[in-house]
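A.B. asks: Going line by line, the protein sequences match chains Z and B. Position 68 of the first sequence, counting from 1, maps to 68 under full-length UniProt numbering, and the rest follow consecutively. Position 61 of the second sequence, counting from 1, maps to 61 under full-length UniProt numbering, and the rest follow consecutively. Ideal placement from N, C-alpha and C gives every residue a C-beta, glycine not left out. Please see the structure below; I have some questions.
Protein chains: 2
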Amino acid sequence: MNEQLQPLKKPVRTGKAGRSGTQDDIVYAHIFEAILEQRLAPGTKLSEEALGEIFGVSRTIIRRALSRLAHESVVLLRPNRGAVVASPTVEEARQVFFSRRMVERAITELAVQHATVEQLNELRQMVREERDSFSRGDRGAGIRLSGEFHLKLAEAAGNAPLVSFQRSLVSQTSLIIAQYESGNRSHCSYDEHMQLIDAIEARDAGQAVSLMMHHMDHIDSKLNLDEESASDDLHAVFSHLLKKPKASAKG
Amino acid sequence: MNEQLQPLKKPVRTGKAGRSGTQDDIVYAHIFEAILEQRLAPGTKLSEEALGEIFGVSRTIIRRALSRLAHESVVLLRPNRGAVVASPTVEEARQVFFSRRMVERAITELAVQHATVEQLNELRQMVREERDSFSRGDRGAGIRLSGEFHLKLAEAAGNAPLVSFQRSLVSQTSLIIAQYESGNRSHCSYDEHMQLIDAIEARDAGQAVSLMMHHMDHIDSKLNLDEESASDDLHAVFSHLLKKPKASAKG
DNA sequence: GATTATGCTTTTGTGTACAAATAAAGCAAA
DNA sequence: TTTGCTTTATTTGTACACAAAAGCATAATC
Chain Z
1 MNEQLQPLKK
11 PVRTGKAGRS
21 GTQDDIVYAH
31 IFEAILEQRL
41 APGTKLSEEA
51 LGEIFGVSRT
61 IIRRALSRLA
71 HESVVLLRPN
81 RGAVVASPTV
91 EEARQVFFSR
101 RMVERAITEL
111 AVQHATVEQL
121 NELRQMVREE
131 RDSFSRGDRG
141 AGIRLSGEFH
151 LKLAEAAGNA
161 PLVSFQRSLV
171 SQTSLIIAQY
181 ESGNRSHCSY
191 DEHMQLIDAI
201 EARDAGQAVS
211 LMMHHMDHID
221 SKLNLDEESA
231 SDDLHAVFSH
241 LLKKPKASAK
251 G
Chain B
1 MNEQLQPLKK
11 PVRTGKAGRS
21 GTQDDIVYAH
31 IFEAILEQRL
41 APGTKLSEEA
51 LGEIFGVSRT
61 IIRRALSRLA
71 HESVVLLRPN
81 RGAVVASPTV
91 EEARQVFFSR
101 RMVERAITEL
111 AVQHATVEQL
121 NELRQMVREE
131 RDSFSRGDRG
141 AGIRLSGEFH
151 LKLAEAAGNA
161 PLVSFQRSLV
171 SQTSLIIAQY
181 ESGNRSHCSY
191 DEHMQLIDAI
201 EARDAGQAVS
211 LMMHHMDHID
221 SKLNLDEESA
231 SDDLHAVFSH
241 LLKKPKASAK
251 G
């Protein structure tokens with residue numbers, strides 16, 4: 001139980017954490033990523049002390065990160081009983097998707113009006129990264145990048161409250177997909193993403209919204225109710241970040 | 001600087017704080033109420049230590065409350081520079097109202113489908129309280145209750161993410177109204193609220209949505225850009241909660 | 001053998017001390 | 001008088017220690 005992170009390295013790519021420099025942003029991003037990539041299964045207990053030890057920070061920092069995750073409904077914070085990875089029910093998933101349809105429609109319309117060519121090119125670059133992740137077989141990163149695409153689109157729409165809501169919805173959606181999506185790796189959302197960007201650049205609101213709604217339908221239709229298992233050992237989950245203490249202190 | 005609250009009494013009515021029992025819920029509610037009732041002007045610095053002393057709790061609790069307010073964009077949290085009451089710009093106000101129109105439309109449609117008669121009666125009771133507040137001349141409470149009406153309606157719609165987003169939007173709207181609404185006290189929103197409930201009870205979606213959109217228009221049209229002043233002395237703002245130390249230690 | 005009571009362990013909640021960063025004040029020089 | 005710098009003071013950031021609550025296991029009783 002005395003493993004420590006090196007100075008505390010931030011993960012591949014965040015996009016979510018504000019200035020992504022402070023300790024709690026880093027912890028937040030790591031835990032979030034671990035959840036999305038299913039290294040942390042829904043229901044897993046997130047002990048403050050254990051996480052603090054793993055990341056080499058005090059419980060204060062962990063607590064802030066967990067609080068933030070709880071606010072996005074990715075983590076459930078039970079008073080006096082600690083935090084667990086959220087396990088959205090089918091009904092909760094349905095509600096999230098309802099809200100997402102609403103938000104994505106609004107975002108698409110706004111993006112058609114406001115998105116700059118520069119922003120659209122950045123979006124294209126993100127889609128390429130997303131595609132690469134899936135073709136590498138890195139499903140976790142793919143889901144995450146897909147989410148970041150939708151978040152970036154929200155930013156291009158230029159409405160701050162919508163961005164904030166979208167962030168929360170995307171997080172929850174990612175968790176739901178990670179939990180419920182059927183095994184067929186046909187998550188070729190990047191193709192639909194590209195078409196969407198084209199429609200927005202053409203300033204064709206009708207077409208863009210139509211594509212977005214179909215995209216939502218596709219995501220929706222891929223869900224099923226299989227429960228998959230993942231590790232709930234915090235040390236194992238974050239082992240790739242740990243430097244071995246002596247030689248084999250925990251093997 | 002040695003004033004203390006009695007055991008820590010919660011404000012009139014919260015509706016916002018979860019179980020509204022824990023210390024930080026109480027602190028949150030008090031500060032939020034003070035902002036809505038314009039006893040705390042936009043831009044006012046919210047010192048952790050001062051607030052801690054006033055409420056008789058440690059900075060830990062204050063910090064959580066501020067963090068929560070910041071997440072609703074009612075308070076601005078600047079790293080290393082403390083918290084201030086948010087002062088939404090005209091553009092930010094515009095964005096909030098755009099989002100609200102979107103959300104209120106969805107909520108109204110869902111409420112027509114799902115709201116029970118019991119919920120509608122509770123809503124009517126809230127509108128009566130709102131009306132009473134305005135007739136008493138208690139503008140702050142009126143604005144707050146008006147916001148709580150919209151939040152309760154969101155709950156009746158039965159979509160959790162929407163409720164959460166609505167909470168944030170309502171908070172911001174209240175702040176905007178408190179800051180920008182013109183002096184004419186023609187804030188007779190309670191009348192429109194009553195008509196809305198009737199339309200929902202009649203399960204007339206078209207009429208309900210139409211009323212809601214007009215309601216939004218009315219709120220919108222009442223805004224102007226006058227800046228009003230309010231106290232920025234924390235002790236004065238919360239004086240009604242303080243018991244006098246000895247006889248006249250601070251007069 | 002099942003069930004409830006009780007003490008023990010673990011984990012979270014809160015207050016506080018110390019470190020770091022920022023803002024303020026004072027002073028000097030132009 | 002004003003401007004810039006140095007020093008001081010205030011305020012936030014983080015860690016830690018102690019208190020309180022929940023969970024767990026053991027044991028006793030029905």
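Helix, strand or coil for Arg39 (chain B), going by three-state DSSP, please let me know.
C.D. replies: Translated into positions along the second sequence, residue 39 (chain B) becomes position 39. When DSSP states are grouped into helix, strand and coil, Arg39 (chain B) belongs to the coil group.
A.B. asks: Quick one, are the C-beta atoms of Gly142 (chain B) and Thr173 (chain B) less than 8 Å apart?
C.D. replies: Indexing the second sequence from 1 puts residue 142 (chain B) at position 142. Indexing the second sequence from 1 puts residue 173 (chain B) at position 173. Contact flag unset, no.
A.B. asks: Put Lys222 (chain B) into one of helix, strand or coil per three-state DSSP.
C.D. replies: Translated into positions along the second sequence, residue 222 (chain B) becomes position 222. Looking at Lys222 (chain B) - three-state DSSP - the assignment turns out to be coil, as it is neither helix nor strand.
A.B. asks: In terms of residue numbering, what span does the beta strand (DSSP E) encompassing Val90 (chain Z) cover?
C.D. replies: As a first step, residue 90 (chain Z) must be located in the first sequence, where it is residue number 90. Here Val90 (chain Z) belongs to no beta strand (DSSP E); instead the alpha helix (DSSP H) covers 90-114.
A.B. asks: Please check if any C-beta of chain B sits within less than 8 Å of the C-beta of Leu169 (chain Z).
C.D. replies: If you number the first sequence from 1, residue 169 (chain Z) lands on position 169. Yes, Leu169 (chain Z) lies at the interface with chain B (some Cβ there is under 8 Å from its Cβ).
A.B. asks: In angstroms, rounded to a whole number, what distance separates the CA positions of Glu155 (chain Z) and Val163 (chain Z)?
C.D. replies: Taking the first residue of the first sequence as 1, we reach residue 155 (chain Z) at position 155. Taking the first residue of the first sequence as 1, we reach residue 163 (chain Z) at position 163. Rounded to the nearest whole angstrom, the C-alpha separation of Glu155 (chain Z) and Val163 (chain Z) is 6 Å.
A.B. asks: I'd like to know if the segment 62-73 of chain Z and the segment 34-53 of chain Z are in contact, where contact means that at least 3 CB-CB pairs between them fall below 8 Å.
C.D. replies: Touching, per the Cβ criterion.
A.B. asks: Assuming Ala83 (chain B) and Leu110 (chain B) are in contact, meaning their beta carbons sit under 8 Å apart, how far apart are those beta carbons, in whole angstroms?
C.D. replies: Indexing the second sequence from 1 puts residue 83 (chain B) at position 83. Indexing the second sequence from 1 puts residue 110 (chain B) at position 110. Between Leu110 (chain B) and Ala83 (chain B) the Cβ distance is about 35 Å, and since that is not below 8 Å, they are no contact.
A.B. asks: For Glu228 (chain B), is the classification buried or exposed, using 16 other Cβ atoms within 10 angstroms of its Cβ as the cut-off for buried?
C.D. replies: For the purposes of this step, residue 228 (chain B) is identified with residue 228 of the second sequence, where counting begins at 1. Note on Glu228 (chain B): pLDDT 45, under 50, position unreliable in the model; the coordinate value appears next. Exposed, by the Cβ-count rule.
A.B. asks: Taking just the CA atoms, how far does Arg68 (chain B) sit from Arg128 (chain B)?
C.D. replies: Taking the second sequence and counting its residues from 1, the one referred to as residue 128 (chain B) is at position 128. Taking the second sequence and counting its residues from 1, the one referred to as residue 68 (chain B) is at position 68. About 29 Å.
A.B. asks: Counting contacts by CB-CB distance shorter than 8 Å, is Asn80 (chain Z) in contact with chain B?
C.D. replies: Position 80 of the first sequence, counted from the first residue, corresponds to residue 80 (chain Z). Not closer than 8 Å to any Cβ of chain B, the Cβ of Asn80 (chain Z) fails to qualify, so no.
A.B. asks: Does the distance from the C-beta atom of Ala74 (chain B) to that of Ser171 (chain B) stay below 8 Å?
C.D. replies: As a working note, residue 74 (chain B) is residue 74 in the second sequence. As a working note, residue 171 (chain B) is residue 171 in the second sequence. One detail in the question is off: residue 74 (chain B) reads as Val in this sequence, not Ala. If you check the CB distance, Val74 (chain B) and Ser171 (chain B) come in under 8 Å.
A.B. asks: Distance check for Ile177 (chain B) and Glu104 (chain Z), CA to CA, integer angstroms please.
C.D. replies: Locating residue 104 (chain Z) in the first sequence gives position 104, where the first residue counts as 1. Locating residue 177 (chain B) in the second sequence gives position 177, where the first residue counts as 1. Taking the straight line joining both Cα atoms gives about 28 Å.
A.B. asks: For Thr108 (chain Z) and Ala93 (chain B), I'd like the C-alpha separation in whole angstroms.
C.D. replies: The sequence position of residue 108 (chain Z) within the first sequence is 108, counting from 1. The sequence position of residue 93 (chain B) within the second sequence is 93, counting from 1. C-alpha separation (whole angstroms): 21 Å.
A.B. asks: Along chain B, in chain order, which residues have C-beta atoms closer than 7 Å to that of Met102 (chain Z)?
C.D. replies: Sequence index remark: in the first sequence, residue 102 (chain Z) carries index 102 (1-based). The contacting residues are Met102, Ala106.
A.B. asks: Is it buried or exposed, Gln95 (chain B), if we count other Cβ atoms within 10 angstroms and call 16 or more buried?
C.D. replies: By one-based count along the second sequence, residue 95 (chain B) stands at place 95. Burial call: buried.
A.B. asks: Opposite Arg78 (chain B) in the DSSP bridges: which residues?
C.D. replies: Here the question's residue 78 (chain B) lines up with position 78 in the second sequence. Per DSSP, B:Gly82.
A.B. asks: Where does Glu53 (chain B) sit, in a helix, a strand or coil, going by DSSP?
C.D. replies: For the purposes of this step, residue 53 (chain B) is taken as the residue at position 53 of the second sequence. Note: Glu53 (chain B) maps to helix in three-state DSSP.
A.B. asks: Give the C-beta separation of Tyr190 (chain Z) and Arg139 (chain Z) to the nearest angstrom, bearing in mind that I take them to be a contact with Cβ-Cβ under 8 Å.
C.D. replies: One-based indexing of the first sequence puts residue 190 (chain Z) at position 190. One-based indexing of the first sequence puts residue 139 (chain Z) at position 139. Not really, about 13 Å apart at Cβ, beyond 8 Å.
A.B. asks: Mapping the DSSP letters down to three states, classify Glu181 (chain Z) as helix, strand or coil.
C.D. replies: Locating residue 181 (chain Z) in the first sequence gives position 181, counting from the first residue. Correct three-state label for Glu181 (chain Z): strand.
A.B. asks: Any C-beta of chain B sitting closer than 8 Å to the C-beta of Gln119 (chain Z)?
C.D. replies: Working through the first sequence from its first residue, we reach residue 119 (chain Z) at position 119. It does not; no Cβ of chain B falls within 8 Å.
A.B. asks: Can you tell me which of B:His214, B:Gln179, B:Glu201, B:Leu175 puts its alpha carbon nearest to the alpha carbon of Glu192 (chain B)?
C.D. replies: Against the second sequence, residue 192 (chain B) aligns to sequence position 192. Per the Cα distances, B:His214.
A.B. asks: Could you give the first and the last residue of the continuous alpha helix (DSSP H) run that contains Ala202 (chain Z)?
C.D. replies: Mapped onto the first sequence, residue 202 (chain Z) falls at position 202. That residue, Ala202 (chain Z), is in no alpha helix (DSSP H); it is neither H nor E in DSSP.
A.B. asks: Residues in the same chain with beta-carbon distance under 6 Å from Met194 (chain Z), minus the five sequence neighbours each way, listed in chain order, please.
C.D. replies: Counting from 1 along the first sequence, the entry for residue 194 (chain Z) is found at position 194. Here the set comprises Val127.
A.B. asks: Mind listing which residues of the segment 131-164 of chain Z have their C-beta closer than 7 Å to chain B's C-betas, in chain order?
C.D. replies: Asn159, Ala160, Pro161, Leu162
A.B. asks: For Phe98 (chain Z) and Gly56 (chain B), I'd like the C-alpha separation in whole angstroms.
C.D. replies: Within the first sequence, residue 98 (chain Z) is the residue found at index 98, counting from 1. Within the second sequence, residue 56 (chain B) is the residue found at index 56, counting from 1. Whole-angstrom Cα-Cα distance: 43 Å.
A.B. asks: Would you check if the distance between the CB atom of Gly169 (chain B) and the CB atom of Arg100 (chain B) is smaller than 8 Å?
C.D. replies: Here residue 169 (chain B) refers to the residue found at position 169 of the second sequence. Here residue 100 (chain B) refers to the residue found at position 100 of the second sequence. The sequence shown places Leu at residue 169 (chain B), not Gly. The answer is yes: Cβ separation under 8 Å.
A.B. asks: Output, in chain order, the set of chain B residues within a Cβ distance shorter than 7 Å of Ser99 (chain Z).
C.D. replies: Here residue 99 (chain Z) corresponds to residue number 99 of the first sequence, with the count starting at 1. Going along chain B in sequence order, the residues near Ser99 (chain Z) (Cβ under 7 Å) are Asn159, Pro161, Leu162.
A.B. asks: Mind checking which residues open and close the alpha helix (DSSP H) that includes Gly142 (chain Z)?
C.D. replies: In the first sequence, the residue the question calls residue 142 (chain Z) occupies position 142. That run of the alpha helix (DSSP H) goes 139-157.
A.B. asks: Restricting to Cα atoms, I'd like to know which of Z:Leu77, Z:Phe134, Z:Leu153 is closest to Thr116 (chain Z).
C.D. replies: Counting from one through the first sequence, the residue named residue 116 (chain Z) turns up at place 116. For Thr116 (chain Z), the closest of Z:Leu77, Z:Phe134, Z:Leu153 by C-alpha to C-alpha distance is Z:Leu153.
A.B. asks: Do we get a CB-CB distance below 8 Å when we pair His71 (chain Z) with the residues of chain B?
C.D. replies: The sequence position of residue 71 (chain Z) within the first sequence is 71, counting from 1. Yes, His71 (chain Z) counts as interfacial toward chain B.
A.B. asks: Ala249 (chain Z) by DSSP, collapsed to three states: which one?
C.D. replies: Your numbering for residue 249 (chain Z) matches position 249 in the first sequence. For Ala249 (chain Z), the predicted model reports a pLDDT of 34, less than 50, meaning its position is unreliable; a value from the coordinates is still stated below. DSSP places Ala249 (chain Z) in coil when its eight states are reduced to three.
A.B. asks: Pull up the DSSP beta-bridge partners for Asp69 (chain Z), would you.
C.D. replies: Residue 69 (chain Z) sits at position 69 when you count from the first residue of the first sequence. According to the sequence as given, residue 69 (chain Z) is Leu; it is not Asp. According to DSSP, which records beta bridges pairwise, Leu69 (chain Z) is partnered with nothing at all.
A.B. asks: So, for Arg78 (chain B): in the same chain, excluding its five sequence neighbours on each side, which residues have a beta-carbon less than 8 Å away from its beta-carbon?
C.D. replies: The residue you call residue 78 (chain B) lines up with position 78 of the second sequence. So the qualifying residues of the chain are Val84.
A.B. asks: Could you spell out the range, first to last residue, of the alpha helix (DSSP H) harbouring Ser133 (chain B)?
C.D. replies: Against the second sequence, residue 133 (chain B) aligns to sequence position 133. Start and end: 117-136.
A.B. asks: Using only alpha-carbon positions, find the residue among B:Ile200, B:Arg39, B:Arg124 that is nearest to His114 (chain B).
C.D. replies: Sequence index remark: in the second sequence, residue 114 (chain B) carries index 114 (1-based). Closest option to His114 (chain B), Cα to Cα, is B:Ile200.
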